[in-house]
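Numbering (mature numbering (1 follows the signal peptide of the UniProt record, and there is no 0)), first residue to last: -19 to -1, 1 to 166.
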């Protein structure tokens, strides 16, 4: 009986200790870049209205918000992808459209919207959702609109399971994304 009691106490204490050490939030580092030589491909236009309407109900990342508060874009120096940004930026076949980092609470169940206006007149509408369970589950639906031709807009839709502190490359014929998630204790 005392062994069973000690075993039960050990399990309870271990669970409590794990809960105390669980990260309260996590930082997301993201780079979105355009493949300059990509062949223009038309996406089916019925995807666009659904992507755009779902963005209206999400949390917009704040450009000039308090860096300590969730969903505020952090200074560029806070990103772990600075070296990757400079490497991509030096390549003539790529053009960086967005570089940003932000903090989300671990209990996040809401979608996030990127700033609508990206670099060089490009616009993006849609959602970016990461939920933390045992892994991080990514669910993104983004509609990209070129500055010169709205008819050549396209959708980047991706669902993927991610691990913490790993760099991921998400591919599309016209854009690429680099993504890294860091737990913050």
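All C-beta atoms, glycine included, are put in the ideal place defined by N, C-alpha and C. All values derive from a computational prediction rather than experimental measurement.
Query, Result
"Beta-bridge pairing of residue 116 - partner residues as DSSP gives them", "Partner(s): none; residue 116 has no beta bridge."
"Residue 151 versus residue 157: straight-line alpha-carbon distance, rounded", "6 Å"
"Those runs of the alpha helix (DSSP H) which lie wholly inside the stretch 41 to 121 and span at least 4 residues", "63 to 70"
"Of the residues 8, 41, 44, 104, the one placed nearest residue 133, counting alpha carbons only", "104"
"Bridge partners - residue 164, DSSP secondary structure assignment", "7"
"Where residue 39 falls: helix, strand or coil (DSSP)", "coil"
"For residue 93 and residue 167, the rounded distance between their alpha carbons", "A query on residue 167 cannot be resolved here, the shown segment of the chain reaching from -19 to 166 and no further."
"For residue 90, the nearest candidate out of 59, 10, 118, 123 (CA to CA)", "118"
"Among 8, 62, 83, nearest to residue 42 - alpha-carbon criterion", "83"
"Residues near residue 11 by beta carbon distance below 6 Å, same chain, minus five either side", "81, 160"
"Contact check, residue 138 vs residue 87, beta carbons under 8 Å", "no"
"Sheet register partners of residue 141 (DSSP bridge)", "119"
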